[in-house]
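Undergrad: One structure coming up, written as structure tokens, with questions to follow.
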Amino acid sequence: MFPTWVYYALGSAFFAGLTALFGKIGVSGINSNLATFLRTIVVLIFAGGIVFSTGEWQSPARLPGKTLTFLILSALGTGASWLCYYRALQLGPASRVAPIDKLGVVFAMVLAFIFLGEKADFKTLAGGLLIVAGALVIALK
Numbered sequence: 002m003f004p005t006w007v008y009y010a011l012g013s014a015f016f017a018g019l020t021a022l023f024g025k026i027g028v029s030g031i032n033s034n035l036a037t038f039l040r041t042i043v044v045l046i047f048a049g050g051i052v053f054s055t056g057e058w059q060s061p062a063r064l065p066g067k068t069l070t071f072l073i074l075s076a077l078g079t080g081a082s083w084l085c086y087y088r089a090l091q092l093g094p095a096s097r098v099a100p101i102d103k104l105g106v107v108f109a110m111v112l113a114f115i116f117l118g119e120k121a122d123f124k125t126l127a128g129g130l131l132i133v134a135g136a137l138v139i140a141l142k
């Protein structure tokens, strides 16, 4: 009924919700940077297991330089996001932190319009504004 990517996006959203719940519980009593580090190790093992078990491994040395550069930049962005996210979870309620974190969707949309030349149609802009409005309602509670 929907394109395949929609199902993966919904899976991403569901697991992000679990991330907030489990992260809030897991970060209590330890430093948020340590929590992020431990989480990253688990992600590395999990993703590595999938890549190796499906036979998808390739030597990074064989990948184009542009691909590696942007994957590294993406990883640095993810790392910075996770460090901020876990610190926010440590300091605030998950029910308010997680929705504000989802403003990343709006940042991604704006950056895609500017740098990837994606179309900013009415529905996309309206949806982005609703996300911002929702985050503001929650943040200003």
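Take any residue in the sequence shown, count from 1 to its spot, add 1: that is its number in our numbering.
Each residue gets a CB set at the ideal place from its N, CA and C atoms; glycine is no exception.
In this text the structure is predicted, and so the values were computed from the model without any measurement.
With a cut-off of 8 Å on the beta carbons, I'd call A21 and A99 a contact; round off their distance for me.
TA: 4 Å
Undergrad: Mind reading off the beta-carbon distance from A140 to R97? Whole number of angstroms is fine, and I expect it under 8 Å.
TA: 7 Å
Undergrad: Tell me whether the segment 103-112 and the segment 32-48 touch, counting them as touching only if at least three CB pairs, one residue from each stretch, are closer than 8 Å.
TA: no
Undergrad: What span of residues does the alpha helix (DSSP H) with L64 cover, start to end?
TA: Note, L64: premise wrong, no alpha helix (DSSP H); not H, not E.
Undergrad: With 16 as the cutoff for other CB atoms within 10 Å, does K25 come out buried or exposed?
TA: buried
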